[in-house]
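Residue 229 in this note's numbering sits at position 12 of the sequence shown, with consecutive numbering throughout.
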Amino acid sequence: MATKSPTDSKDQGAAPLIWAEEERTGASSEKLCIDEMLQKYCGEFGRWQLRHFVLTSLAWALEAFHTMVMIFADREPEWRCLDGAAGSGCNPAAKSVCRFEPGSWEWVGDSTVVEWGLFCADKFKVGLVQAVFFGGCMIGAGTFGHLSDSVLGRKGSLTVVCALNTIFGTLTAFSPNYAFYILFRFLTGCSTGGVGLCAFVLATEPVGPTNRGTTGMSTFYFFSSGIAILSAIAYIFSTWRKLYIASSIPSLLFLLFILPFISESPRWYLVRGRKSEAMKVITAMATTNGNHIPEGVFLTLDHQSAQFPPPLSSLSCNSLQEQVLSDVNSLNESQNLEKLVSDSILLGSAKGSACQVAEAGSLLDVIRSPITRSRLILAVVINFLCSVVYYGLSLNVVNLETNLYLTVILNAVAEMPAFMITALLLDRWGRKPLTIATLWFSGAFCFAGSLVRNVGVWKGVRMMCGILGIFGMAGTYNLLFIYTAELFPTVVRNAALGCATQAAQMGAILAPLVVVMGGSFPFIIFAICGISGGFFAFYLPETLNQPLYDTLAGMLAKENSVTSSIV
C-alpha cells in the first residue's frame, strides 16, 4: 500500500481522486460500482429516485411543445368565399383555393400560411420549415450528446438547452419574414434535439437495473401529455405569434423553478473523476430512501470493482501503471484493445504519489471496438427506420379531415396504451424480443393499410390500420431509448444516444416527403421500414437484467469473459 505525505494529501484535495479514500481506509474498505451500491444500500427506486424522475421528465413536455407547435402554427386554416359579386368565381365545395381569383375568397383563422402566403405554389415552404427544424434537432442531438458526456454533464446540458429554447422560441414569435422564421426554427431545433436526450439519461441513470426499463418507458408519458396540453394551449392562443410565446414560457419556468431541485447524475460525476460529488448524491439518495451507507463503503468504476479483478486500487501509482500496461498488452494480443484502454484510463498526479483517474470517451472509442461499433450501426439503422414510420403515420393524421385540436389530443392519448403495455412486457419478454414484436406489429398493419383503397367504408379500415401502426411504433420508438442507453457504457452513452437520435431526426426529415406522395405508397414504405427494422433487431444483444456499465473497459471485459466461458 502506497503512503502519502501531507503535501500529497493537500494536492489530493485539490483534485478528485478515484482511489484516495480507499487507500486511507485500508483493506477493510468495500468498493462498489453504482449498480451494486443501489442494490445493496441505496435502494433501486425509492422516494429520491421518484422525485428526481418526475422533475427531470417534465422536460419531455417542453420538447413536445417546441416540436409539435408547428402543427398549429403552420396549419392551413379554413377559407370561405366572399359574399356577393366579389365571390362569384369562388366554389365553396372546392378542396383548394389555387384556381380561384385573388379577392374572391378569404382565410378564416391565423397561421404562418396566412401571414406569408405559404400555399399553392409555395406550399413546399411549410414542409421546408419542418425539415429544417428536424435538421436542427439532428445537429443538436449530436452536439449536446457529446457535451453531456464531457464538460457540461447531464444537468448542465439540460440547463443550456432549456435556456436556448426559451430564447429562440420567443424570438420565433417576432419573425419579421419567412427567412427569419425558418432561421429561428432551425436554432430552436438545435436546442430541442438535446432536451429529451439529456432528460432521459439524467432521469434513468440513478435507477437500479431491475427498475430501469419500466422507469425509462414511463418518461414518454410526459411527451404525450405535453402534446395534449399543447393542443389546449393552441386552442386558447389562436394566433401563431402568441402561441410561440405561450409554448416557450414553460421552458423558462422549468429553468427557474425545477432545475435547481434536480441533481447531477452520480454516474457522470464518477466517470469524470469527481468521486466526492458522486458520493454526496449517493449518500443523499440513501438517506432520502430511509437507508444508510456504512463507513468504509466507496464508489468505484465498474472495471475497478470486485467483479473485475485484479483490485488495482490496492496498488501504488507506479505499480498501478505497470499493472494497467501489463493488462493492456495482454488484451492487445487477443482483443486489440490497447488503444481503447489507454484512452479510457488516465493516470497522473501533481506530486507523483496520488492517482487521479478521470474516465473519458468519445464516438471514436465506440468505433474502435468491434462490439460497440456493430451495436452503434444497428442502433442508428433501427432508429432511422422507426422514425420514418412514427412521424410518417403521425403526419398522415391530417388527412382525416376532423377537428385539428381534438385529433391531436386523440393521437397523444392513443400512444399511452402502447407505453403501458410495453412497460408491462419489458421485463418479462426482454428488450430484444419486444423490439422485434412491436416493429413487426406496426409493419404488418402498415402493409394491410397499403392493400386497402381509400374509398367508402374502406377509409375507416385504412384509418384503423394507421392507428394500429402508430400504436405499435410508438412502443418501439420509446423502447429504443432504453435499449440504446443500455447498449453503451456511461462514458459514451449520451454520445451513442445522440447518434441514434440524429438518425431518428433524419427519418423525421424524410417522413414528410414520403407522406406527400399520397395513395398507398406511404403505407408500403412504412411497412418495409417496420418489417426490415425487426430483422435488424435480431442482431442486437439482450440487455435485460444486465449491469449498466460505466466504462468501455468494464463492458468489454465482461463481454469477453462471457464469450470465453461459452467457448
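Idealized CB from N, CA, C, for every residue including glycine.
Following the DSSP letters along the chain, one finds Val-325 inside the beta strand (DSSP E) bounded by residues 322-325.
A buried status is given to Trp-277, since no fewer than 16 other beta-carbon atoms sit within 10 Å of its beta-carbon. By alpha-carbon distance to His-269, the top candidate from Ser-328, Lys-372, Asn-711 is Lys-372. Linking Phe-262 to Ile-251 through their CA atoms gives a straight-line distance of about 13 Å. Around the Cβ of His-509, a 10 Å sphere holds fewer than 16 other Cβ atoms; the residue is exposed.
For Glu-247, the enclosing beta strand (DSSP E) begins and ends at 247-249.
Taking 8 Å as the cut-off, the beta carbon of Phe-385 is found no closer than this to the beta carbon of Leu-595. With a contact defined as Cβ atoms closer than 8 Å, Met-633 and Tyr-756 miss out at about 30 Å.
When the beta-carbon positions are compared, Cys-354 and Trp-322 stay at least 8 Å from each other.
In the three-state DSSP reduction, Val-733 falls in the coil class, being neither helix nor strand. Rounded to the nearest whole angstrom, the C-alpha separation of Gly-513 and Ser-246 is 5 Å. About 5 Å separates the CB atoms of Ile-742 and Val-731; that is less than 8 Å, so the two are in contact. Annotation for Leu-516: the continuous beta strand (DSSP E) segment containing it runs 514-516. Going by DSSP, Arg-645 is part of the alpha helix (DSSP H) stretching over 621-646.
In the three-state DSSP reduction, Arg-458 falls in the helix class (H, G or I). Distance from the CA of Gln-722 to the CA of Leu-580, rounded to the nearest whole angstrom, comes to 19 Å. In the structure shown, Cys-716 falls within a helical segment according to DSSP collapsed to helix, strand and coil. Taking a contact as a CB-CB distance under 8 Å, the pair Thr-760 and Leu-696 does not count as one, their CB atoms being some 11 Å apart. The beta carbons of Phe-417 and Thr-436 sit closer together than 8 Å.
In this chain, the beta strand (DSSP E) harbouring Glu-295 covers 295-298.
By the Cβ-count criterion, Pro-483 is buried, with 16 or more other Cβ atoms from all chains shown falling within 10 Å of its own Cβ. Membership of Lys-257 in any alpha helix (DSSP H) is not indicated, and neither H nor E is assigned to it by DSSP. Counted as a single uninterrupted DSSP element, the alpha helix (DSSP H) harbouring Phe-439 occupies residues 437-453. Per DSSP, the unbroken alpha helix (DSSP H) holding Ala-416 starts and ends at 412-421.
DSSP places Cys-682 in the uninterrupted alpha helix (DSSP H) bounded by 675-704. Taking a C-beta distance under 8 Å as the contact criterion, Gly-647 and Ala-728 do not qualify as a contact pair.
Non-local beta-carbon contacts of Phe-471 in its own chain, meaning distances under 7 Å to residues more than five positions away in sequence, involve Leu-275, Ala-276, Leu-279, Cys-379 in chain order. In the structure shown, the three-state DSSP call for Leu-369 is coil. Judged by beta-carbon spacing, His-283 lies beyond the 8 Å limit of Ala-712, meaning their Cβ atoms are not closer than that value.
The continuous alpha helix (DSSP H) containing Phe-740 extends over residues 738-754.
In the displayed model, Val-606 falls within a helix according to three-state DSSP. Ala-396 is classed as exposed because its beta carbon has fewer than 16 other beta carbons within 10 Å across all chains shown.
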